[in-house]
Amino acid sequence: MRASQLLIATLKETPADAEVISHQLMLRAGMIRKLASGLYTWLPMGLRVLRKIEAIVREEMTNAGAQEILMPVVQPAELWEESGRWDQYGAELLRIKDRHQRGFCLGPTHEEVVTDLMRNELQSYKQLPINLFQIQTKFRDEIRPRFGIMRAREFTMKDAYSFHISQASLDDTYTGMHNAYSAIFNRIGLDFRAVLADTGSIGGNASHEFHVLAESGEDDIAFSNSSDYAANVELAEALAPTIESVEKQTLNVVDTPHAKTINEVCEQLNIPAQQSLKTLLVNADEDSPNSLVALVLRGDHQLNDIKAEKLEHVASPLTMA
Numbered sequence: 002m003r004a005s006q007l008l009i010a011t012l013k014e015t016p017a018d019a020e021v022i023s024h025q026l027m028l029r030a031g032m033i034r035k036l037a038s039g040l041y042t043w044l045p046m047g048l049r050v051l052r053k054i055e056a057i058v059r060e061e062m063t064n065a066g067a068q069e070i071l072m073p074v075v076q077p078a079e080l081w082e083e084s085g086r087w088d089q090y091g092a093e094l095l096r097i098k099d100r101h102q103r104g105f106c107l108g109p110t111h112e113e114v115v116t117d118l119m120r121n122e123l124q125s126y127k128q129l130p131i132n133l134f135q136i137q138t139k140f141r142d143e144i145r146p147r148f149g150i151m152r153a154r155e156f157t158m159k160d161a162y163s164f165h166i167s168q169a170s171l172d173d174t175y176t177g178m179h180n181a182y183s184a185i186f187n188r189i190g191l192d193f194r195a196v197l198a199d200t201g202s203i204g205g206n207a208s209h210e211f212h213v214l215a216e217s218g219e220d221d222i223a224f225s226n227s228s229d230y231a232a233n234v235e236l237a238e239a240l241a242p243t244i245e246s247v248e249k250q251t252l253n254v255v256d257t258p259h260a261k262t263i264n265e266v267c268e269q270l271n272i273p274a275q276q277s278l279k280t281l282l283v284n285a286d287e288d289s290p291n292s293l294v295a296l297v298l299r300g301d302h303q304l305n306d307i308k309a310e311k312l313e314h315v316a317s318p319l320t321m322a
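Take the sequence shown: its letters are residues 2 to 322, numbered as in this note's numbering.
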């Protein structure tokens with residue numbers, strides 16, 4: 002095709018709603034165009050880049066032993082109701098009905114669909130392990146789409162699902178996928194860290210997120226320059242600070258009727274917040290013999306909801322009493 006025939010719609014000015022440099026450059030270079038909040042059209046030059054990235058991903062997945070499939074974007078509600086995630090997933094799950102009033106959703110992920118597929122297709126344990134992947138459109142009704150395609154409502158995602166007969170087999174595949182993801186990011190030339198992360202609504206016992214180091218973005222990670230340790234701040238292990246011990250004082254009862262926060266209590270007592278304790282009451286889970294759980298924190302510390310939800314007898318999601 003002649004260059005004069007190509008749809009290359011560059012912009013001289015940056016649109017006002019483009020916050021980060023990547024979004025600004027993609028718009029000005031004529032790679033994408035915004036249709037609505039969180040929805041973008043890929044123009045010819047942008048689509049060529051996207052297809053090249055997909056080719057790298059597809060090649061590394063194949064090298065890792067995964068087989069490519071393609072599942073529907075629209076998923077029946079009964080599968081999500083069976084898994085218990087129809088109500089759990091929240092407002093990000095876009096629910097729709099067909100002309101017969103049957104419930105469906107636009108898939109934000111495909112665990113339910115692939116599990117339904119394999120429970121009908123697997124006939125023998127000898128077929129395991131099996132690792133399936135797809136490169137497919139996803140939709141998550143983000144409350145605040147931003148940063149262009151980085152936090153869009155509709156996006157392309159590579160998702161993989163594996164089935165195993167033993168934990169050892171699962172561990173082998175997990176390691177293989179970890180290596181494949183590292184190879185993808187290295188081939189693209191990105192500075193990244195594989196960090197320990199919370200499994201969230203997807204579930205599971207372990208999770209790694211691959212984060213590209215950049216000025217933009219919404220996640221904070223903690224990582225070491227002298228080792229391979231890296232973790233999402235919600236799961237990062239904190240080092241205990243060195244605190245000077247103070248002389249033990251006589252225990253007294255002090256009324257603080259007008260102090261509504263731990264800082265106000267500390268001001269009244271004329272002590273630093275790090276020398277105080279605060280108690281937070283949260284709801285207990287169904288297995289607890291009590292309805293409430295008391296969480297005790299140092300006065301200047303903030304409660305980490307994700308870590309708290311992993312404590313015994315604490316209900317998830319975390320709710321204050």
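Idealized CB from N, CA, C, for every residue including glycine.
By Cβ distance, which residues of its chain are closer than 8 Å to residue i, with the 5 residues on each side in sequence left out?
i           : result
residue 75  : 97, 105, 106, 107 and 108
residue 78  : 87, 96, 103, 104, 105 and 106
residue 186 : 193, 211 and 213
residue 113 : 76, 80, 81, 83, 84 and 86
residue 111 : 72, 76, 135, 137, 160 and 162
Would you please state the rounded distance, in angstroms, between the beta carbons of residue i and residue j? I believe it to be under 8 Å.
i           : j           : result
residue 51  : residue 157 : 7 Å
residue 283 : residue 297 : Between residue 297 and residue 283 the Cβ distance is about 12 Å, and since that is not below 8 Å, they are no contact.
residue 307 : residue 199 : 5 Å
residue 266 : residue 280 : Contact flag wrong, Cβ pair sits at about 12 Å.
residue 169 : residue 132 : The Cβ separation is near 15 Å, so there is no contact.
Starting from the C-beta of residue i, find all residues in its chain whose C-beta is less than 6 Å away, skip the five residues before and the five after it, and write them out in chain order.
i           : result
residue 136 : 55 and 159
residue 166 : 126 and 129
residue 356 : A question about residue 356 goes unanswered here, because the residues of the chain that appear run from 2 up to 322.
residue 171 : 165
residue 188 : 57
Please list, in chain order, all residues of the same chain as residue i whose beta carbon is under 7 Å from its beta carbon, the five residues on each side excluded.
i           : result
residue 60  : none
residue 95  : 106, 107, 140 and 142
residue 44  : 8, 10, 31, 32, 33 and 34
residue 270 : 255
residue 178 : 65 and 161
residue 209 : 179, 195, 196, 197 and 198
With DSSP as the reference, label residue i as helix, strand or coil.
i           : result
residue 159 : strand
residue 195 : strand
residue 9   : coil
residue 41  : strand
residue 68  : strand
residue 207 : coil
residue 98  : strand
residue 115 : helix
residue 279 : strand
residue 57  : helix
residue 259 : coil
residue 253 : coil
residue 264 : helix
residue 47  : helix
residue 284 : strand
residue 36  : strand
residue 123 : coil
residue 165 : coil
residue 212 : strand
residue 151 : helix
residue 2   : coil
residue 239 : coil
residue 19  : coil
Give the range of the alpha helix (DSSP H) segment to which residue i is assigned.
i           : result
residue 310 : 306 to 310
residue 186 : 168 to 189
residue 78  : 78 to 84
Got a sec: does the ligand MN put a non-hydrogen atom nearer than 7 Å to the Cβ of residue i?
i           : result
residue 244 : Judged by which ligands are present, the structure shown has none, so any question about the ligand MN falls away.
Locate the beta strand (DSSP E) running through residue i, then write down its first and last residues.
i           : result
residue 140 : 131 to 140
residue 28  : No beta strand (DSSP E) holds residue 28; the alpha helix (DSSP H) holding it covers 22 to 29.
residue 103 : Note, residue 103: premise wrong, no beta strand (DSSP E); not H, not E.
residue 294 : 293 to 299
residue 233 : 231 to 233
Figure out for me which residue from the options has the closest Cα to the Cα of residue i.
i           : options              : result
residue 37  : 89, 12, 72 and 149   : 149
residue 275 : 144, 264, 67 and 118 : 264
residue 236 : 268, 244 and 197     : 197
residue 12  : 6, 32, 21 and 5      : 32
residue 228 : 184, 89 and 195      : 195
residue 174 : 260, 67, 147 and 270 : 67
residue 16  : 63, 29, 5 and 278    : 29
residue 41  : 53, 19 and 62        : 19
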